[in-house]
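Colleague:
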Amino acid sequence: MDIRDLHLEKEKVLFVVRTPFQVLCAVSAIKNLHLSFYSIVALLAPDEPRNSQTLNALDFFNETYKVEYIGKWKRRLLNLAVFFPFLSKYKYIFLGYFNDYNLRQYGLCHASNGGTLFYLDDGLASISLLQGKLWSILTKSQISRLNLAAKIRHVDHSRCLYTIYTGLPNKKYRIYENSLSCLKNASTKSQPRSGVYFVGTNTSLYCERQKISFEKMQAFMDTFFNEIKQKYPGESIFYLKHGRDKSQFLPQLCQEHNVELILPEICSELHLLSAGTSPVMVCGFTSTVLFNVKQIFPDSEVVNLLMNSQQPETDYERLKEASKYYSEHGVILDERII
422 MDIRDLHLEK EKVLFVVRTP FQVLCAVSAI KNLHLSFYSI VALLAPDEPR NSQTLNALDF
482 FNETYKVEYI GKWKRRLLNL AVFFPFLSKY KYIFLGYFND YNLRQYGLCH ASNGGTLFYL
542 DDGLASISLL QGKLWSILTK SQISRLNLAA KIRHVDHSRC LYTIYTGLPN KKYRIYENSL
602 SCLKNASTKS QPRSGVYFVG TNTSLYCERQ KISFEKMQAF MDTFFNEIKQ KYPGESIFYL
662 KHGRDKSQFL PQLCQEHNVE LILPEICSEL HLLSAGTSPV MVCGFTSTVL FNVKQIFPDS
722 EVVNLLMNSQ QPETDYERLK EASKYYSEHG VILDERII
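Counting the sequence shown from 1 gives a position; the numbering used here is that position plus 421.
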């Protein structure tokens, strides 16, 4: 489906985002759809480490936005407001993530009666959602409240996805393609190629879900850094630290391998674009960044590391499905038994 057929450029549109990548998806929608009458709200959690990256991403694109924080009293107000249109003034609202109750509640409150909510991407969840494998973190009572409010006010709140992941078969959702043109157009083929980048993850959460010990992860990283240095002996190596990562071993390990450890002030995609060069290689643990980087820098080598602990009840199968999709779009799969 082509979202341009809706002629949103003539409508007042609201974007509500919480993470840096949601900002990229929102800005891409604004530019793709040639929107003029839109507002952006950064709906943040007070204790989220990546809040500054989210706001810096908005500043990178010179967007005007409003910052709101979700607290106890705000939640109580929204719980009531979903049933009444006294906050609503937008026929179309783009929300950063499908599986976020605060975003969905906020969007429903501000949607006009008869309005439509679209959902942007935030990581691999969209792939899992389209494959029917996404576990909802919303409670049954939260889902019932949203469904009831949407029914009363005739809001289409659960079927429209504006996503970078296209071509996945599904019969439940209306899919609108997000081309991320705001990023693709920012890079040029004339840029020199330089640097190897490792896109970091939230190590503790990743290891927990994959049932990998910190000792094994550290040993793997030590080996992999050596592999990179052997393959690209003349290239500088950079580790782009995830905003939520608190790993204790990373600083020492990077120092031992002469790897520059960076906590980007903006998201990894914009950090790479700001470097003024095309990366020689980008690698990471099935991060969405890998898929995006391949679209932005098609000539760069992009490697997806899929870790297999061979343990039951891990995230391996979900990541394997995402990895298959990545491979179909030019991202090299490197599966490791650990």
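Every residue gets a Cβ at the ideal spot worked out from N, C-alpha and C, and that includes glycine.
Keep in mind it's a predicted model, so treat the numbers as computed, not measured.
1. When the Cα atoms are used, what is the spatial distance from Y583 to E598?
2. Assuming Y746 contacts Y586 under a Cβ cut-off of 8 Å, what Cβ separation, rounded to an integer in Å, is found between them?
3. Ordered along the chain, which non-local residues of its own chain (more than five positions away) have a Cβ less than 8 Å from that of S657?
4. Residues in its own chain within less than 6 Å of L479 by CB, not counting five upstream and five downstream?
5. Where does the unbroken beta strand (DSSP E) through H578 begin, and where does it stop?
6. Just checking, does the region 648-657 make contact with the region 692-703 on the three C-beta pairs under 8 Å criterion?
7. Going by the beta-carbon positions, is the gap between G664 and Q474 smaller than 8 Å?
8. Is it the case that the Cβ atoms of R574 and N534 are separated by a distance below 8 Å?
9. Going by beta carbon distance, what residues of the same chain come within less than 6 Å of V620, once the five residues before and after it are set aside?
10. As a quick exercise: from L727, S547, A450 and V724, pick the residue whose alpha carbon is nearest that of L394.
11. Leaving out the 5 sequence neighbours to the left and right, which residues in its chain are closer than 7 Å to Y511 when beta-carbon positions are compared?
12. Under the DSSP definition of a beta bridge, which residues are partnered with D755?
13. For Y594, which residues in the same chain have their Cβ closer than 8 Å to its Cβ, ignoring the five residues on either side in sequence?
14. Kindly provide the ranges of any alpha helix (DSSP H) runs that are 4 or more residues long and lie completely inside the region 619-651, ordered along the chain.
15. Under three-state DSSP, which class holds F659?
16. So, with DSSP's three-state summary, where would you put S533?
17. Who are the near neighbours of G544 in its chain, counting only those whose CB is closer than 6 Å to its CB and skipping five residues on each side?
18. Restricting to Cα atoms, I'd like to know which of L674, L589 and K554 is closest to T644.
19. Ignore the nearest five residues each way along the sequence and tell me which others in I649's own chain have a CB closer than 7 Å to its CB.
20. In terms of DSSP beta bridges, what is K487 paired with?
21. Relative to the C-alpha of K637, which residue among I758, N591, A466 and K741 is closest?
22. What number of angstroms, rounded off, separates the C-alpha of P733 from the C-alpha of T624?
23. What are the partner residues of C704, as DSSP defines its beta bridges?
24. Could you tell me if D542 is buried or exposed, where buried requires 16 or more neighbouring beta carbons within 10 angstroms of its beta carbon?
25. Going by beta-carbon coordinates alone, are L693 and V714 separated by less than 8 Å?
26. Alpha carbon to alpha carbon, how far is G553 from K592? Give it in angstroms, no decimals.
27. I need the boundaries of the alpha helix (DSSP H) containing V830, first residue and last residue.
28. Could you check which residue in L476, I633, A502 and A463 has the C-alpha nearest to that of Y518?
29. Within this structure, are the beta carbons of F504 and A570 separated by less than 8 Å?
30. Counting C-beta neighbours from all protein chains within 10 Å, is the total for S509 16 or more, i.e. buried, or is it exposed?
31. Going straight from the alpha carbon of V724 to that of H455, what length do you get?
32. Let me confirm a value: H578 is counted as buried when at least 16 other C-beta atoms fall within 10 Å, else exposed. Which label applies?
33. Since I believe S730 is in contact with I633 (beta carbons under 8 Å), could you give me their beta-carbon distance rounded to a whole number of angstroms?
34. With a threshold of 16 other CB atoms inside 10 Å of the CB of A640, please say whether the residue is buried or exposed.
Modeller: According to the structure shown:
1. One-based indexing of the sequence shown puts residue 583 at position 162. One-based indexing of the sequence shown puts residue 598 at position 177. Going by the C-alpha atoms only, they are around 6 Å apart.
2. Translated into positions along the sequence shown, residue 746 becomes position 325. Translated into positions along the sequence shown, residue 586 becomes position 165. At roughly 7 Å, the Cβ-Cβ gap stays under 8 Å, so Y746 and Y586 are in contact.
3. In the sequence shown, residue 657 corresponds to position 236, counting from 1. Around S657: S615, G616, V617 and E681.
4. As a working mapping, residue 479 is identified with position 58 in the sequence shown. Answer for L479: V444 and Y486, listed in chain order.
5. Residue mapping note: residue 578 aligns to position 157 of the sequence shown, counting from 1. Its beta strand (DSSP E) spans residues D577 to T584.
6. yes
7. Here residue 664 is taken as the residue at index 243 of the sequence shown, counted from 1. Here residue 474 is taken as the residue at index 53 of the sequence shown, counted from 1. Yes, the Cβ-Cβ distance between G664 and Q474 is below 8 Å.
8. What you label residue 574 is simply residue 153 of the sequence shown in a count that begins at 1. What you label residue 534 is simply residue 113 of the sequence shown in a count that begins at 1. Going by C-beta atoms, R574 is nearer than 8 Å to N534.
9. Taking the first residue of the sequence shown as 1, we reach residue 620 at position 199. Excluding residues up to 5 positions away in sequence, L661, S689, G705, S708 and V710 lie with their Cβ nearer than 6 Å to the Cβ of V620 in the same chain.
10. Shown here, the chain extends from 422 to 759; a query on residue 394 therefore has no answer.
11. Residue mapping note: residue 511 aligns to position 90 of the sequence shown, counting from 1. Hits under 7 Å: K433, V434, L435, H531, A532, S533 and G536.
12. Residue 755 sits at position 334 when you count from the first residue of the sequence shown. Paired residue(s): L726.
13. Taking the sequence shown and counting its residues from 1, one reaches residue 594 at position 173. So the list reads L550, L551, R580, C581 and L582, once near-sequence residues are dropped.
14. The qualifying runs are 624-631.
15. If you number the sequence shown from 1, residue 659 lands on position 238. DSSP places F659 in strand when its eight states are reduced to three.
16. Position 112 of the sequence shown, counted from the first residue, corresponds to residue 533. In the structure shown, S533 sits in a strand (DSSP, three-state: E or B).
17. Counting from 1 along the sequence shown, the entry for residue 544 is found at position 123. Contacts found: T709.
18. Within the sequence shown, residue 644 is the residue found at index 223, counting from 1. The alpha carbon of T644 has as its nearest neighbour, out of L674, L589 and K554, the alpha carbon of L674.
19. Taking the first residue of the sequence shown as 1, we reach residue 649 at position 228. Excluding positions up to five away in sequence, the list reads V617 and I658.
20. For this step, residue 487 is matched to residue 66 along the sequence shown. According to DSSP, K487 bridges with V462.
21. The sequence position of residue 637 within the sequence shown is 216, counting from 1. Taking only the C-alpha atoms, the option nearest K637 is I758.
22. Counted from its first residue, the sequence shown places residue 733 at position 312. Counted from its first residue, the sequence shown places residue 624 at position 203. Distance between the alpha carbons of P733 and T624 is about 19 Å.
23. Within the sequence shown, the letter at position 283 stands for residue 704. DSSP output for C704 lists F619 and V724 as bridge partner(s).
24. Position 121 of the sequence shown holds residue 542. Buried, because 16 or more other Cβ atoms sit within 10 Å of the Cβ of D542.
25. Residue numbering aside, residue 693 sits at position 272 when the sequence shown is read from its first letter. Residue numbering aside, residue 714 sits at position 293 when the sequence shown is read from its first letter. Against a cut-off of 8 Å, the Cβ pair of V714 and L693 comes out as a contact.
26. Along the sequence shown, read from residue 1 onward, the residue named residue 592 stands at position 171. Along the sequence shown, read from residue 1 onward, the residue named residue 553 stands at position 132. If you take the alpha carbons of K592 and G553, they lie about 10 Å apart.
27. Nothing about residue 830 can be read from this structure; the chain reaches only from 422 to 759.
28. Position 97 of the sequence shown, counting from 1, holds the residue named residue 518. Considering only alpha carbons, the answer is A463.
29. Position 83 of the sequence shown, counted from the first residue, corresponds to residue 504. Position 149 of the sequence shown, counted from the first residue, corresponds to residue 570. Contact: yes.
30. Within the sequence shown, the letter at position 88 stands for residue 509. So S509 counts as buried.
31. Mapped onto the sequence shown, residue 724 falls at position 303. Mapped onto the sequence shown, residue 455 falls at position 34. About 34 Å.
32. In the sequence shown, counting from the first residue as 1, residue 578 sits at position 157. Residue burial is scored here from C-beta neighbours: H578 has at least 16 other C-beta atoms within 10 angstroms and is therefore classed as buried.
33. Reading the sequence shown from its first residue, position 212 is the one you call residue 633. Reading the sequence shown from its first residue, position 309 is the one you call residue 730. 5 Å between Cβ atoms; contact.
34. The residue you call residue 640 lines up with position 219 of the sequence shown. Taking all protein chains in view, the Cβ of A640 is surrounded by fewer than 16 other Cβ atoms within 10 Å, so the residue is classified as exposed.
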